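Report on one structure; see the data block that follows.
There are 2 protein chains.
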Amino acid sequence: MKEQIKKHFSRYVAFSDLEIDEIYSKLTHKTFEKKEFLLKEGEICKSNYFLLYGLVRSFYIDNKGNEKITQFALENWWVTNMESYIKNIPSYSSIQAIEKTTVLIVDKLELEKLFKSIPKLERFFRIITENMLIAILRRNDIYLLMRSKDRYDGFMKHFPLFAQRVPQYMIASYLEITPEYLSELRRK
Amino acid sequence: MKEQIKKHFSRYVAFSDLEIDEIYSKLTHKTFEKKEFLLKEGEICKSNYFLLYGLVRSFYIDNKGNEKITQFALENWWVTNMESYIKNIPSYSSIQAIEKTTVLIVDKLELEKLFKSIPKLERFFRIITENMLIAILRRNDIYLLMRSKDRYDGFMKHFPLFAQRVPQYMIASYLEITPEYLSELRRK
Numbered sequence: 507m508k509e510q511i512k513k514h515f516s517r518y519v520a521f522s523d524l525e526i527d528e529i530y531s532k533l534t535h536k537t538f539e540k541k542e543f544l545l546k547e548g549e550i551c552k553s554n555y556f557l558l559y560g561l562v563r564s565f566y567i568d569n570k571g572n573e574k575i576t577q578f579a580l581e582n583w584w585v586t587n588m589e590s591y592i593k594n595i596p597s598y599s600s601i602q603a604i605e606k607t608t609v610l611i612v613d614k615l616e617l618e619k620l621f622k623s624i625p626k627l628e629r630f631f632r633i634i635t636e637n638m639l640i641a642i643l644r645r646n647d648i649y650l651l652m653r654s655k656d657r658y659d660g661f662m663k664h665f666p667l668f669a670q671r672v673p674q675y676m677i678a679s680y681l682e683i684t685p686e687y688l689s690e691l692r693r694k
Numbered sequence: 507m508k509e510q511i512k513k514h515f516s517r518y519v520a521f522s523d524l525e526i527d528e529i530y531s532k533l534t535h536k537t538f539e540k541k542e543f544l545l546k547e548g549e550i551c552k553s554n555y556f557l558l559y560g561l562v563r564s565f566y567i568d569n570k571g572n573e574k575i576t577q578f579a580l581e582n583w584w585v586t587n588m589e590s591y592i593k594n595i596p597s598y599s600s601i602q603a604i605e606k607t608t609v610l611i612v613d614k615l616e617l618e619k620l621f622k623s624i625p626k627l628e629r630f631f632r633i634i635t636e637n638m639l640i641a642i643l644r645r646n647d648i649y650l651l652m653r654s655k656d657r658y659d660g661f662m663k664h665f666p667l668f669a670q671r672v673p674q675y676m677i678a679s680y681l682e683i684t685p686e687y688l689s690e691l692r693r694k
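Which chain is which? The protein sequence lines are A and B, in order. Taken in order, the first sequence gives residues 507 to 694; the numbers are from the numbering used here. Taken in order, the second sequence gives residues 507 to 694; the numbers are from the numbering used here.
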C-alpha cells in the first residue's frame with residue numbers, strides 16, 4: 507500500500523523515503539462497502555480521498571429530485587468536494603462507493619502541517635489540482651458542447667476504464683442521455 | 507503595478523519584498539487592444555496571464571460554427587488554457603480582449619525556474635489553481651444544472667462584476683440562452 511502511494515507521489519515530485527514515510531504516517535486508511543458514502547450532501551468535506559482500489563461517484567440531487575452524477579473516480583485518482591473542502595462550507599454533493607473501495611484519507615489540517623514540514627508537497631498538490639482542473643474541463647467539453655452521440659464517443663475515448671466498470675445507467679446519467687439511447691449507441 | 511502584484515500575491519502567501527522583486531522581474535507586461543487575441547485556437551499556450559486591468563473571454567467554435575464562451579476574466583484574475591499550458595498541446599479555445607486589457611505574462615519555463623528559487627510560490631499557484639477549479643465547478647452548477655432563469659440568477663449572484671461589463675449578447679452565449687430571452691429576464 508505504501509508502495510502504491512510512493513509510486514503515485516513519485517510520478518510528479520521526487521520525495522525521499524523518509525518524506526514518503528512522514529506523509530504516509532499522516533494518512534488514514536479506510537474501506538467503504540458498495541453504496542456506502544464517503545461524503546454526504548450537507549456535510550463539510552474535511553478530506554481529500556486517494557483511491558487505492560475501487561470506484562466511486564460524486565452526485566447531487568437536482569431541484570426536480572433527480573440524481574445528477576458529476577464525477578467518477580477509480581484507482582490512483584483523488585476525489586473530494588473541492589469547494590466544501592477549501593471553503594469549509596457544506597457540500598452540495600455526495601461521494602458514494604460504486605464498488606467496494608479502499609481509500610487513503612488526507613485530512614485537511616494534517617495536510618497543512620505536512621506542507622510546512624515538506625514544502626515540495628505543495629508542488630505535488632498543485633500538479634494534482636491542475637490535473638483535476640483539466641479532467642473537469644475535458645468533462646465539460648464532453649458534456650456541454652456535444653450532441654449525445656459525440657458525448658458518448660468522447661467519454662469512451664477519454665475514460666475507457668470507467669466505461670468498462672461503471673453501470674450503464676450511471677453512464678447515461680453522467681452523459682445526460684436516456685439509458686435506452688445509450689444502449690442504442692452501444693449497439694452501433 | 508508592482509503594488510497590485512504584491513497585494514495579490516500576499517493575499518495567499520507571505521512573500522518578502524525581495525521575493526516579490528524576483529517574481530516581478532520575471533513577468534512581462536503587455537497591453538492588448540479591444541478584440542485583440544491573447545491566445546488563438548491551435549496555438550500552444552505557454553503562459554498564464556494575470557489581468558492588471560481589462561476584461562477578456564475564452565471561447566471556441568463548435569462543430570456547427572457557433573462561438574461558445576467558456577470563461578470571462580477581469581482584474582486580478584488569472585486566465586490561461588490550462589490543458590494546452592500543462593500538456594503542451596494546441597489550444598482548442600481562444601482568449602480575446604473584450605476591453606483594452608493589460609496583463610502580466612508568466613512564462614511557463616520562467617515559472618518553473620521561480621518555483622526552484624522560491625518554493626512557496628508553489629503554494630501560491632496551488633491555491634490559485636484550486637480557486638480556478640472552484641470557479642469552473644460553480645460555473646458548471648450555473649450552466650449545467652439549472653433552468654435558464656436560474657442560470658441567469660446564479661450568474662448575477664456569483665459574478666455581479668461581469669454582469670455589469672460584459673456585453674449582453676456574450677452573457678447570453680455564456681448562459682446558452684437567446685439574447686431575446688436574456689432581455690426578458692432582465693426586465694423582470
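For every residue, glycine included, the Cβ atom is placed at its ideal position computed from N, Cα and C. The model shown is predicted, which means the values in this text are computed figures rather than measured ones.
Quiz prompt | Buried versus exposed, by CB contacts within 10 Å (16 or more), LEU533 of chain A | solution = buried
Quiz prompt | Contact between the stretch 565 to 579 of chain B and the stretch 676 to 688 of chain B (3+ Cβ pairs under 8 angstroms) | solution = yes
Quiz item: Is it the case that the Cβ atoms of PHE668 of chain B and VAL519 of chain B are separated by a distance below 8 angstroms?
Solution: no
Exercise. Keeping to the same chain, check which residues put their C-beta closer than 8 angstroms to that of SER689 of chain B; ignore five residues upstream and five downstream.
Key: GLN674
Exercise. Within its chain, find whatever has a CB closer than 7 angstroms to the CB of LYS655 of chain B; leave out the 5 residues flanking it on each side and keep chain order.
Key: LEU691
Quiz prompt | Contact under 8 angstroms by Cβ, ALA603 of chain B with PHE665 of chain B | solution = no
Quiz prompt | Through-space distance from SER590 of chain A to LYS552 of chain A, alpha-carbon basis | solution = 8 angstroms
Quiz item: Taking the C-alpha atoms as reference points, what is the distance between ILE633 of chain A and ARG632 of chain B?
Solution: 8 angstroms
Quiz item: Under the DSSP definition of a beta bridge, which residues are partnered with SER553 of chain A?
Solution: A:ASP613
Quiz prompt | Inter-stretch contact at 8 angstroms, needing at least 3 Cβ pairs: the stretch 597 to 611 of chain A / the stretch 552 to 570 of chain A | solution = yes
Quiz item: Taking the alpha helix (DSSP H) that SER679 of chain A falls in, what are its first and last residues?
Solution: 674 to 681
Practice problem: Output yes if chain A places a C-beta closer than 8 angstroms to the C-beta of LEU620 of chain B; else output no. | Solution: no
Quiz item: Going by other Cβ atoms of all chains shown within 10 Å of its Cβ, with 16 needed for buried, is LEU681 of chain B buried or exposed?
Solution: buried
Self-check item: Nearest candidate by alpha-carbon position, reference GLN510 of chain A, set A:TRP583, A:GLU547, A:LYS574
Solution: A:TRP583
Self-check item: Cross-chain neighbours of THR635 of chain A in chain B, by beta carbon under 8 angstroms
Solution: ARG632, THR635, GLU636, LEU639
Quiz prompt | Backbone CA spacing between ASN587 of chain B and SER522 of chain A [nearest angstrom] | solution = 33 angstroms
Practice problem: Buried or exposed for PHE543 of chain A, please, with buried defined as at least 16 other CB atoms from any protein chain shown within 10 angstroms of its CB. | Solution: exposed
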